[in-house]
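Notes follow once the structure below has been shown.
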Amino acid sequence: MSARWLDDELEDADTLPERPHKHKAKKPLGKRRLATLTADPEGGDETDDLIRRLTDLGHITEVVAELKSGKEATAYVARGPRGSVLLKLYRELEARSFKRDGVYREGQVILDKRAAKAMQGRSRRGLEMLQAGWVTAEYAHLWHLWRAGLNVPEPLVGPDPYDYAQTTPAVLMRLIGAEDTPAPRLSDAALSPEEARDAWNQAVGGMADLLRLGYAHGDYSTYNLLWWENTVTIIDFPQLTTRQNPNFKDLLRRDAESLATSFRKHGIQADAEATLREVQRRAGGQGPKPRVLLP
Ligand SMILES: Nc1ncnc2c1ncn2[C@@H]1O[C@H](COP(=O)(O)OP(=O)(O)OP(=O)(O)O)[C@@H](O)[C@H]1O
Ligand SMILES: [Mg+2]
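Reading the sequence shown from the start, the letters are residues 1 to 295 in full-length UniProt numbering.
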């Protein structure tokens, strides 16, 4: 079946939200010392407080640079006791859309009725809970996938949820790349034809690894894949969904489609439906070797 058929099907599935992020490339804003960062009026007091809190908790020693400011989050390069850190700071509550995040959370049961109501009503408390939910979801997914041996950044707080809940609204993970040259996204990388095939192969394999564990990424494309030393690393997990989600199949299919589409600029001409089948075939095979966590 053709990609066109897929488009129709996807358009019919109007329960699907727009992709979580507008993929507009932004230039890195360059190095900014902690002093300038905290003096930045745009950063606001909340950013100051957070950075102080993370420093007091011993997770970071310094913020080195703002890497990328997006719609949902701002990414900073920082230093910590174990090396370079990528600090993903979720947006101010009011500025975030959260609009249709319900689609990703469908099938999840919120046991606390009052919490569920607050989240639905989008009260300040409800928004805070939603934001905390995205942060803890991203940590939990990173831990699970990291332990399962997938190519994802190593989470740097946890695995105890008590510990990582304290870094809200930020997620701390290992920086892929080097401090002064963070890994580019595959969407920004210049690849030789051979590298493009290798990256494509790894990207399809990564999606299969996720599916084998019962997950659809929910925003799978070269915009959320990093390229460093010939290795593809998958990022951006808050919207990961499971088979419990009634939209699972549609999200999976859409991921295959956006993966195929986003690789066209690298000269890979893959059909969305064929990509999905290949992902499903590989998901039936053996997965990567799990990582053992040392105490
Ligand atoms: N572990 C990492 N190492 C290096 N760079 C990273 C890492 N994680 C994220 N990034 C960079 O930060 C950017 C934002 O991260 P992510 O995709 O998780 O957030 P987002 O919500 O999609 O934000 P945006 O709207 O800016 O894309 C990525 O596009 C990537 O360039
Ligand atoms: Mg992203």
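Just so it is clear, CB atoms sit at the ideal spot from N, CA and C, and this is done for glycine as well.
- Between the stretch 266-280 and the stretch 163-170 there are fewer than three C-beta pairs closer than 8 Å, too few to call the two in contact.
- As DSSP reads the structure, Ile234 sits in a beta bridge with Leu225.
- Here Lys68 is bridged, per DSSP, to Ala75.
- Remark: the shortest separation between the CB of Asn151 and any heavy atom of ligand 2 does not fall under 7 Å.
- Per the DSSP secondary-structure output, Met173 pairs in a beta bridge with Leu86 and Pro155.
- The three-state secondary structure of Tyr215, taken from DSSP, is strand.
- Remark: the shortest separation between the CB of Asn224 and any heavy atom of ligand 2 falls under 7 Å.
- Ala256 and Tyr220 have their alpha carbons spaced roughly 7 Å apart.
- Under the rule that a run must span 4 or more residues, the alpha helix (DSSP H) segments found entirely inside the stretch 262-292 read 272-283.
- The secondary-structure analysis by DSSP pairs Pro246 with nothing; it has no beta-bridge partner.
- For Tyr220, there is no enclosing alpha helix (DSSP H), as DSSP marks it with neither H nor E.
- Not a single heavy atom of ligand 2 lies less than 7 Å from the C-beta of Asp255.
- Bounds of the alpha helix (DSSP H) holding Leu145 are Arg124 to Arg147.
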